[in-house]
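Trainee: Each residue of the sequence shown is one higher than the one before, counting from 7 in our numbering.
We put the CB at the ideal spot given by N, CA and C, even for glycine.
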Amino acid sequence: MKLWRLISLGSSMLLTLLLIAFAIALFGYFYLNQQLKLAGVTDWEVEFEKLTTSHIVIKQLEITIDSLPESSGASSTAAVNLTQIFSMEMPALLPERIDIKSLQLKGKLLPESVSASLSLINKQQLRLELNSQEPLVADVRVIRHDNQVKLKARYDNALLQANYDYNSGKLIAGGSYLLAAQQFADKVTTEPVSVDAKWNGNLSPYIESATVESLIAELSGELVVSITQPTLIEITSSTTTATGELQLNLNKGIMDSYQLELKGDTENLASLIESDLPLQLSSLSWELNSRDSLGVSLLSAQQAVNKARWPLKLNAVAKGEKNETIRLASELSIQQKQWQFNSLELDYVQLNADSIKLPVAGQSMTISKLISKFSGTVSTTVAELHSTEPTRIELKALDNDALAVLNFNQIYYPYSEPHNALAEFDLNIHSNAVNFDPIRNLKAVFDSKFQYQQQQLTGDGELVLGDHIKVAHHSQVTSDQLKSKIEVADFNWQQIPQLDALLATMMPQLIVSKAAISGQTDVTYSINNNRWRLDNGQLEIQKGDWVFDTLSVVNSNIDFGFTANNEQLNMNNAKLHIGSVQQGFALGPITAEFRAQLPFQQPMQSTLDLTSHTIKALGGSISIPNQRYSLTDSFALPIVFEKISLGELMRQYPSNKISIDGEVSGTIPVYWDSNDLTVERGYLDALAPGGHLQVDSSALVQLAGSNPSLQTLAGVLGNFYYNQLSTTVDYNDNGKLTLAVQLKGSNPELENGRPVELNVSLEEDLPALIKGLQISNSLNDVIRKRVQQKIN
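Printed below as a string of structure tokens:
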């Protein structure tokens, strides 16, 4: 009986305890279910695998979330900050470890179901580990220890690590992401790119609202996103390796400033450049930097679109296959609105180049050094540039060194209206020593101002050769034609010794001792058909002394207009004055007015139109017909001699053996048959009253011996007064001169002045005779040497 009672009492107590436990569990279930519903959870299911005071293992936990958490109608409790949240003590009843092997989240709010596993370890440090399988494969680990919260998360190719001190607010984070290889269009590919990010700053621990907005509003520090490992980019056959870094400085969630750095190297650059360009570059190293203030909230980063100006610094070095180098350094800014490009402001651009070889007119020109500095604006409609410092170019061409200084005052180029392009620039080219055979060490300076407008280049300036030759020009250049008005200021030949060397090569028989030269002409050159023309030409050569072969000319002046083209030179209104001409005997002064045509390829077809002339010679004059002369045609040229003084002839060639005076006149008909000159039956007769002839006949007396005729002749010539002198002249194409001279007169000292008639015939090699006369005459050393060379 007692045992039954004991059993009955025990059963009643156990039942009571079970009822109480069931009631408590039922109450807890209803309470937990109510709280989960407030959180938006409409259904949940849990299956325990292990349940102890130190370790709970949940085999499966399914939670369905169909709505957002309901707002509580009760008055809000006191706000808590991050320090309070992260330092919150775990409940004492919480076991040391909780593992959820399968956590399933689903519901209307989730686009896809989430499948994960979760571990919570509550020991000296609190650690939460989450491994997600669906829809994302990710690992998350959170550790709280010594006032710090550490986070490590990995997803696909992304890694994030963070360390937050919830007492001081110090936040340090880092992450990386591997971008997959990409291909753009058909010719651009990239290898995988590793992107790294680092954060060093503060997040205020006193935030009392855990919204994203409030967290970012308390975020201050430095964010650096970088590509530290060189990234390979292939374009066609060229390869580029590049690195970069972007730094953002935040203050209370506001991006105060940024700094961007990009740099790279490109190889096989020639594959990206037109092959027919004169300069072939093979490699390029470049660097781009940008830094400025922003003042944009991190939450409203899209507002950066309202930033109108983005400054940039660009540096680049390009190298060619033959050690060519081009360097570019620039400071510029991009002007934009709503991500639409407006303009590029070039605050400062410096271009340097070394060892650049360019083909020019079939020759090689080397730019040894180039330094150019300019600024300007490039917009969507127009480009405007100008030099900030003159461009300096050191040139080498045909073994000549020169310095070119180019200053662009203005460049204006509207893209849609290229015909309205405008440019103004100054050009100065200086060389201390221009050398090309046969000219050596000739100083040259070209200084001009140019303007390009209405598709035409106009220039005004001057070319100075040596210190004395000044050539002014006014030029106009279009796409198919060059026009230039050239004016050569008066200069003296003897001041430019290099001209003698040039003349010795072009016309070795001509030597100019002195001359004053000036002139002008209009030049037209057709670029398309390589035709040139000279119009309105005028040339003056004054006070000239020169020698051509054995012909000496003193004090010559010539002034003529001219035109010319590829075929011939036309001389118009030529006026010639020569003080003296010597070739065996002296002539002068000589004046002439004429026109001439000189074909360049066939000079023997030249023509001369003589309109007037005067030739003074030996006290008288010489004249020829004023008519057209052509070397291709046969013609007769009657040379008329008037009042030629025989005494003047003897004064030019004084002799102690013979003397004569008197005057002669006559005509010598010269015939030209396109190859040779001949003379047939020319005559010269003495003018009344005749003249006087004295001959030292001592040699003739010795030769006469006992011959009475020769003795009489020797006596007559000793003091002969003639009243008639007639000369007949013939000259053939072999250079043989034949003279038939007839003298009539008397010697008053012989036989009471009996009349005497003398007939003399002479034959001479005229060229040799002239050379002999030239040797005996008082000619300059140049002619003397030339004549002696011909005789020898």
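Could you name the residues of the same chain whose beta carbon sits closer than 6 Å to that of Leu9, not counting the 5 residues immediately before and after it, in chain order?
Mentor: Residue placement at Leu9 is flagged as unreliable, the pLDDT there being 35, under the threshold of 50; the coordinate-derived value follows with that caveat. Correct list: empty, nothing qualifies.
Trainee: Note down the Cα distance separating Ala80 from Ser73, rounded to an integer number of angstroms.
Mentor: In this prediction, Ala80 has a pLDDT of 45, which is less than 50 and means its spatial position is unreliable; what the coordinates show is noted afterwards. Computed Cα separation, rounded: 20 Å.
Trainee: When the Cα of Asn753 is compared with those of Leu768, Val747, Val722, which residue comes out closest?
Mentor: The candidate whose alpha carbon is nearest that of Asn753 is Val722.
Trainee: Can you check DSSP and say which residues form a bridge with Phe456?
Mentor: Paired residues: Phe431, Gly465.
Trainee: Mark Thr234 as exposed unless 16 or more other C-beta atoms lie within 10 angstroms of its C-beta, in which case mark it buried.
Mentor: Under this definition Thr234 is an exposed residue.
Trainee: Pick out whichever of Leu225, Glu214, Gln189, Thr195 has its Cα sitting closest to the Cα of Asn206.
Mentor: The option with the nearest alpha carbon to Asn206 is Leu225.
Trainee: To the nearest whole angstrom, what separates the beta carbons of Leu604 and Gln574, a pair I think is in contact under 8 Å?
Mentor: Indeed, because the Cβ distance is near 6 Å, the residues count as touching under 8 Å.
Trainee: If we call anything under 8 Å between Cβ atoms a contact, is His474 one with Gln501?
Mentor: It is a contact, given that the beta carbons lie within the stated cut-off.
Trainee: When DSSP labels each residue in this structure, what does Thr242 get in the three-state scheme?
Mentor: Thr242 falls in the coil class under three-state DSSP.
Trainee: Would you check if the distance between the CB atom of Ile621 and the CB atom of Ile596 is smaller than 8 Å?
Mentor: Yes. Within cutoff.
Trainee: I need the boundaries of the alpha helix (DSSP H) containing Asp506, first residue and last residue.
Mentor: It spans 504-512 - the alpha helix (DSSP H) in which Asp506 sits, taken as one unbroken run.
Trainee: Please work out which residues of its chain come closer than 8 Å, Cβ to Cβ, to Leu221, disregarding the five sequence neighbours upstream and downstream, and give them in chain order.
Mentor: Cβ within range, chain order: Leu209, Ile213.
Trainee: With a threshold of 6 Å on Cβ separation, who are the neighbours of Leu88 within its own chain once the five nearest residues in sequence on each side are excluded?
Mentor: Within the same chain, Leu88 has close Cβ partners Tyr172, Pro211, Ile213.
Trainee: Report yes or no: do the segment 230-246 and the segment 269-276 share at least 3 C-beta pairs separated by less than 8 Å?
Mentor: Verdict: yes, contact present.
Trainee: Only counting the same chain, and skipping five residues up and downstream in sequence, which positions put a Cβ closer than 7 Å to that of Leu136?
Mentor: If we look at Leu136 and ignore the five residues flanking it on each side, its Cβ neighbours are Ala122, Leu124, Val146.
Trainee: Are Phe591 and Asp615 touching if we call contact CB-CB under 8 Å?
Mentor: Not in contact: Phe591 and Asp615 (Cβ atoms no closer than 8 Å).
Trainee: Taking only the alpha-carbon atoms, compute the straight-line gap between Gln461 and Ala427 and give it to the nearest angstrom.
Mentor: One C-alpha to the other measures close to 7 Å.
Trainee: Can you find the residues in the same chain that come closer than 6 Å, C-beta to C-beta, to Phe92, ignoring five residues on each side of it along the sequence?
Mentor: Val155, Tyr172.
Trainee: What does the alpha-carbon distance come out to for the pair Gly34 and Asn128?
Mentor: With a pLDDT of only 46 at Gly34, under 50, the local geometry of the prediction cannot be trusted, and no value is derived from it.
Trainee: What residue range does the beta strand (DSSP E) around Val518 cover?
Mentor: Counting along the chain, the beta strand (DSSP E) containing Val518 begins and ends at 516-532.
Trainee: Quick one: complete beta strand (DSSP E) runs, 3+ long, within the segment 187-234?
Mentor: Runs found: 188-190, 194-196, 199-209.
Trainee: If I measure Cβ to Cβ from Leu552 and keep anything under 6 Å in the same chain, skipping five residues before and after, which residues do I get?
Mentor: Checking the displayed sequence, the identity of residue 552 turns out to be Trp instead of Leu. Cβ neighbours of Trp552 beyond the five flanking positions: Val518, Val559.
Trainee: List the DSSP bridge partners of Leu300.
Mentor: In DSSP, Leu300 forms no bridge with anything.
Trainee: Use the C-beta contact count for Leu116: other C-beta atoms within 10 angstroms, 16 or more gives buried, fewer gives exposed.
Mentor: When all chains shown are included, Leu116 counts as exposed.
Trainee: Could you pull out every unbroken alpha helix (DSSP H) segment of at least 4 residues lying fully inside the segment 364-430, listed in chain order?
Mentor: Qualifying alpha helix (DSSP H) stretches: none in this window.
Trainee: Quick check: what's the CA-CA separation for Glu55 versus Val143?
Mentor: Spanning the two alpha carbons is a distance of roughly 25 Å.
Trainee: Rank Ile106, Ile71, Lys193, Gly181 by C-alpha distance to the C-alpha of Glu118 and give the top, closest one.
Mentor: Selected option, being the one with the closest Cα: Ile71.
Trainee: Anyone know if the C-beta pair for Ser361 and Asn406 falls short of 8 Å?
Mentor: Result no, Cβ atoms of Ser361 and Asn406 do not sit closer than 8 Å.
Trainee: Between the alpha carbons of Phe431 and Glu390, how many angstroms are there, rounded?
Mentor: If you take the alpha carbons of Phe431 and Glu390, they lie about 13 Å apart.
Trainee: Here's a check: name, in chain order, each residue in its chain whose Cβ is nearer than 8 Å to the Cβ of Pro101, leaving out the five neighbours to either side.
Mentor: Counting only Cβ-Cβ distances below 8 Å, and skipping sequence neighbours, we find Thr58, Thr59, Ser60, His61, Ile62, Asn128.
Trainee: How many Å lie between Leu67 and Leu126 at the Cα?
Mentor: The alpha-carbon atoms of Leu67 and Leu126 are separated by roughly 15 Å.
Trainee: Check for me: the beta strand (DSSP E) holding Phe726 runs from which residue to which?
Mentor: Segment 726-737, the beta strand (DSSP E) holding Phe726.
Trainee: According to DSSP, is Asn632 part of a helix, a strand, or is it coil?
Mentor: It is coil, neither helix nor strand.
Trainee: Within the same chain, show all residues whose beta-carbon is closer than 7 Å to that of Asn163, passing over the 5 residues directly before and after it, in chain order.
Mentor: Tyr183, Leu184.
Trainee: Could you tell me which of Pro236, Gly270, Val230, Ile628 sits nearest to Leu256, measuring between CA atoms?
Mentor: Of Pro236, Gly270, Val230, Ile628, the residue nearest in Cα terms is Val230.
Trainee: Rounded to whole angstroms, what is the Cα-Cα separation between Asn662 and Val766?
Mentor: The straight-line gap from Cα to Cα measures roughly 21 Å.
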